[in-house]
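From first to last, the protein sequence lines are chains A and B. If you use the working numbering, the first sequence corresponds to residues 1 to 313, in order. If you use the working numbering, the second sequence corresponds to residues 1 to 470, in order. Reviewing the structure listed below.
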Amino acid sequence: MLSRTASNLFWLARYMERAENLARVIDVASRLATLPSAFAGTSNEWEGAVASAACSDEFFENYEDATRENVIEFLVAHEANPNSIRACIEIARSNARAVRTALTSEMWEVVNDVWLRMQTIKLKDLSGNKLYDFLNEIKDASLQFDGAAYRTMLRTDHFYFERLGMFIERADNTARLLDVKYHVLLPADEPVGGGLDYFQWTSLLRSVSALTSFHWVYRETVKPWLVADFLILRPEQPRSLIAVYAAINQQLNMLAERYGRQGPSQRNARTIHTNLQNAKIRDLFQDGLHEFIASFIDENNKLGKSLAEQYLL
Amino acid sequence: MQIFDEMLGTDGNVREVYSKLSAWFAQASPEVLSSRFSEAEAFFRRIGITFAVYGDAQGTERLIPFDIVPRMIAAKEWAFLTKGLEQRVKAINAFVGDIYGGREILRAGIVPEDLILQNPTFRPEMTQFRPAGGIYAHISGIDIVRIDAETFYVLEDNARTPSGVSYMLENREAMLRLFPELFAQHRILPVDDYPDKLLACMRSVAPKTASREPNVVLLTPGQYNSAYYEHSFLSDKMGIELVEGRDLFVRNSCVYMRTTEGPQRVDVIYRRLDDEYLDPLVFRTDSTLGVPGLMSAYKAGNVTLANAVGTGISDDKAIYSYMPEIIRFYSGEEPILKNVPTWRCRESDSLKHVLDHLPDLVVKEVNGSGGYGMLVGPHASKDELSTFRAKLKAHPEGFIAQPTLALSTVPCFVDAGLAPRHVDLRPFVLSGADRVEIVPGGLTRVAMKAGSLVVNSSQGGGTKDTWVME
């Protein structure tokens, strides 16, 4: 297949996934913001949302304060934000349009519909209940896109590149969510494991639709190291780093089999996966969760680069 | 001027070919019609068939209005049209080959030499180069208008990169969904094998060095081009790669595309990119849409371009007026399809006539397309007339003029029910190494405004499905 086609499929899937993640980030922030101040303390959920979306610098170049209105505006549609939900949908559709021929009509229709919908959204419409409806629409679009791809695409290299885009983005998003929780959300004077902490970890799980499944797996109250274990090392949890990397490995192996050749991206992905398999949550906390996550995000980016060099250029 | 309506003729009696259709629309309730109409709109928006309008800040993409009343062509009429089209397109190919070959038609004094050699569409690079199969205009779109029951005129030839065939195919798709009962009542010739025929045509002109299964690709300027939808649609239906210039490169005078498994040889390029942008080493040096070295590979005979470079010389509006002579010269036959009487403003007698009768005429730029920069005399204001008068005097060689034709009308579904609107027809003619193919149908364009004669989609024109009867 054309390298550009592979690249378009890869980024199409990444940006659909990214849009969903942004919707989840906003959803969690607005849920946290509803907690009484006794539980919420002095922390600023909206600032946390900006940090989760990895765009703090761009945000504070444009705003003084991380208020609800400002953050929603910025994350949903601000022109200065190249990774707003609107921008993600725009880029996703532009990539989709460039590879119309490589998409099934089901996939195209999801992307085109959500793009048409975005054209009609005005920021002032996103107050109160309407915000949840909107965020649900974005999440639904991503779910539908994933489902359409899974159910309608031929299992050829087209499909593998699409999946790789989705999984590499998902790995990045899960890692960032964990990192933000660990460092940004909790005010300095709040004890780790306190009431606020509990609600924040809970909402982190909720943001990845994993609160119920957490209880199924652990049958315990929510504790920081268990949440980290769940989202990093548990293969049963589909958004965990280890699960995502198992999937990445699988896609890359199918590509290598199809093309009859292994390369740097196959080797890099295997290394990352093996390291995750050998990790213990206790060690990760001891050596510093933040350091672990920062290095993971870095490795994940490097995999994206080696994939691009090997196939997409 | 008496206007011929293709359903009602000039006397108001339904013509035979429309009899069942007319009866169906007469019995259909307004509710049924408007619900079918909105279904059609939803269908086109959903599949994303859009059209970009240059210079329109508002919508970079919009739908071309689609009308749900089909345009019918009787079997006899179509037989006549195909004969005329085949004759005309064969003459176009012979003419282009001659211009870049022996130039016999110039020596015979039939077409003035300066009109060719100084024409901006003339490509000296093509001189003495014969493309595979000797075919230049592989795909032609010939615009035809109808004046009365018997008379068809060719309005213009499009032999560069004619567009619109995706609308022919999608319009049929929409009609099949919306009006299955009408298809059951009529015997309508299918058009959906056009992509297969196009692919066969492309393969028939593959270079000799190509493999047994030649690799055909479609070269697009990219997704911001107004016809991008069509490019992706066609490549999809043909099962070929849709490439941009940056996906291709030239090595040792061969063209390759960049794939996830390394370079892959390309044999035939159905290019939807204008000559000027094809190769920055030969044409516009600032073109980022083309492929450096493409012309060298082309002239080495290692890749076929369709259409060939330099076919613009045959569909130039100034050349158009010579088409009857051109057809006679190469075929030895009388032209089957007539030309619209045309005044070449470069000739001083004609210019005088044009200036004297400006309010009655349609004036077109010789190198214009898409209905941009044209004057429709009877609909023009005083100001527009005097601006054009000045333009004509300054650059007479840049214009031709034609009488305002009483284009035929076909009923359209509008707010008030069915109302006549002016139409034209663009059938698509495929010229391969061994045969000429014309799918039974084409793109019927409609001037959606009452009384308007401008059918171009860039000027708010719409489309209809075209039904050729068995």
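Yeah, the Cβ is synthetic: ideal placement off N, Cα and C, and Gly gets one too.
- Residue-level contact by beta carbon holds for D236 (chain B) and chain A, with a gap shorter than 9 angstroms.
- Inclusion of L218 (chain B) and E241 (chain B) in the CB contact set at 9 angstroms is warranted, their separation being smaller than that value.
- Remark: three or more beta-carbon pairs, one from each stretch, lie closer than 8 angstroms, so the stretch 76 to 93 of chain A and the stretch 113 to 125 of chain A are flagged as touching.
- Secondary structure at R251 (chain B): strand, using DSSP grouped into helix, strand and coil.
- In the assembly as shown, R151 (chain A) is an exposed residue. Its beta-carbon has fewer than 16 other beta-carbons within 10 Å.
- With its beta carbon at least 9 angstroms from every one in chain B, D65 (chain A) lies outside the interface.
- Across the structure, M166 (chain A) and T209 (chain B) are spaced so that their CA atoms are roughly 41 angstroms apart.
- Residue state for A401 (chain B) is assigned as strand, using DSSP reduced to three classes.
- Of the residues assessed, P124 (chain B) falls on the exposed side of the cut-off, its CB having fewer than 16 other CB atoms within 10 angstroms.
- Excluding the 5 residues flanking it on each side, V376 (chain B) has same chain C-beta neighbours closer than 8 angstroms at V362, T404, L453 and V454, in chain order.
- With respect to the 9 angstroms criterion, N13 (chain B) and S431 (chain B) are not classified as neighbours on the basis of their beta carbons.
- Note that the stretch 70 to 82 of chain B does not touch the stretch 106 to 120 of chain B; fewer than 3 beta-carbon pairs, one per stretch, sit closer than 8 angstroms.
- At a Cβ-Cβ threshold of 9 angstroms, S265 (chain A) and L303 (chain A) count as neighbours.
- At a cut-off of 4 residues, the continuous stretches assigned as alpha helix (DSSP H) that sit fully inside the stretch 205 to 268 of chain B are 228 to 238.
- With fewer than 16 other CB atoms across the displayed protein chains lying within 10 angstroms of its CB, N129 (chain A) is exposed.
- Three or more pairs of CB atoms, one per stretch, sit closer than 8 angstroms, so the stretch 197 to 212 of chain B contacts the stretch 427 to 444 of chain B.
- With a threshold of 9 angstroms between beta carbons, Y15 (chain A) makes no contact with chain B.
- Annotated three-state conformation of M374 (chain B) is coil, per DSSP.
- Closest option to I142 (chain B), judged by alpha-carbon separation, among B:I135, B:Y229, B:P162 and B:N119: B:P162.
- Apart from sequence neighbours up to five positions away, the residues of its chain that approach D360 (chain B) with a beta-carbon distance below 8 angstroms are G377, P378, P403 and T404, ordered along the chain.
- Among the residues of chain A, those whose CB is under 7 angstroms from the CB of L242 (chain B) are T101, following chain order.
- Below the 7 angstroms Cβ cutoff, chain A contributes L2 as neighbours of M257 (chain B), in chain order.
- Neighbours of Q223 (chain B) across chain A, judged by C-beta separation under 8 angstroms: S94, R97 and A98.
- For P280 (chain B), the closest of B:T288, B:L273 and B:D274 by C-alpha to C-alpha distance is B:T288.
- Residue pairing from DSSP places I73 (chain B) in a beta bridge opposite B:V468.
- Here DSSP, grouped into helix, strand and coil, assigns E156 (chain B) to strand.
- For a cut-off of 8 angstroms, the C-beta gap from V191 (chain B) to G441 (chain B) is around 4 angstroms, short enough to register as a contact.
- Relative to I135 (chain B), the option among B:T220, B:D196, B:K76 and B:A159 whose CA is nearest is B:A159.
- Per DSSP, E437 (chain B) is one residue of the beta strand (DSSP E) stretching across V436 to I438.
- Residue pairing by DSSP puts H422 (chain B) in a beta bridge opposite B:T409.
- Rounded to whole angstroms, the separation of the alpha carbons of Q237 (chain A) and W201 (chain A) is 16 angstroms.
- In the DSSP assignment, L430 (chain B) forms a beta bridge with B:I139 and B:E437.
- When rounded, the separation of the alpha-carbon atoms in N302 (chain B) and A6 (chain A) is 27 angstroms.
- Proximity of Y270 (chain B) to chain A, defined by a Cβ-Cβ separation below 9 angstroms, is not satisfied.
- Proximity of the stretch 221 to 236 of chain A to the stretch 127 to 145 of chain A falls short of the contact definition, fewer than three beta-carbon pairs being nearer than 8 angstroms.
- With the criterion set as a beta carbon lying under 8 angstroms from some beta carbon of chain A, the stretch 437 to 469 of chain B has no members that meet it.
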